Amino acid sequence: MSKIEDEAGYQRSLEWLVSKAPMLDDPLIDESAKTNLRKQYDLVSAKVKEYRRGELVAKFPGLKGQYKILEWTYQEMVPQPAQEGPVIEAEQTQANTPTEPEQAPETPPEPPKAKPDLSGWLD
Numbered sequence: 003m004s005k006i007e008d009e010a011g012y013q014r015s016l017e018w019l020v021s022k023a024p025m026l027d028d029p030l031i032d033e034s035a036k037t038n039l040r041k042q043y044d045l046v047s048a049k050v051k052e053y054r055r056g057e058l059v060a061k062f063p064g065l066k067g068q069y070k071i072l073e074w075t076y077q078e079m080v081p082q083p084a085q086e087g088p089v090i091e092a093e094q095t096q097a098n099t100p101t102e103p104e105q106a107p108e109t110p111p112e113p114p115k116a117k118p119d120l121s122g123w124l125d
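Residues in the sequence shown are numbered from 3 upward in steps of one, following the numbering used here.
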């Protein structure tokens with residue numbers, strides 16, 4: 003496994019890790035098979051971490067220095083083309099935006115309620 007190419011490959015790798023994790027705890031699996039599986043699991047796990055770090059470096063370039071200090075490897079990401087979507091003109095957004103928020107009419111405060119006189123029963 004050289005590197006994870008895209009988000010779909012990343013998701014497949016995560017699914018593989020989840021499916022193989024119970025096998026590592028199975029006491030009935032042969033030790034040599036378990037050792038092989040553990041090597042594969044560690045390799046895929048490392049590639050998943052490198053891919054995620056690469057995405058973070060693409061989003062936050064300042065992390066390159068931090069990863070260098072920590073001696074963590076990351077995958078260089080290929081710049082993704084910008085997704086084309088509907089173009090919204092500035093005039094349309096300004097026309098639809100209210101200039102002042104509507105305020106609810108002011109209501110007069112309620113007068114304080116009279117406290118019941120409970121001492122009437124003492125008479």
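Just so you know, even glycine gets a beta-carbon here, dropped at the ideal spot from N, CA and C.
All values derive from a computational prediction rather than experimental measurement.
Notebook entry, point to check: Quick one: any contact between the segment 48-66 and the segment 11-20, if contact means 3 or more CB pairs under 8 Å?
Noted result: Under the Cβ criterion (8 Å, minimum of three pairs), the segment 48-66 counts as touching the segment 11-20.
What three-state label does DSSP hand Trp74 in the structure shown? coil
> From Lys66 to Val59, what does the alpha carbon distance come to, in whole angstroms?
Replying inline: Taking the CA atoms as reference points, Lys66 sits about 6 Å from Val59.
task = Let me know the alpha helix (DSSP H) ranges lying completely inside the segment 17-83, each 4 residues or longer, listed in chain order.
result = Restricted to the segment 17-83, the alpha helix (DSSP H) segments that are unbroken, complete and at least 4 residues in length are 33-61, 65-72, listed in chain order.
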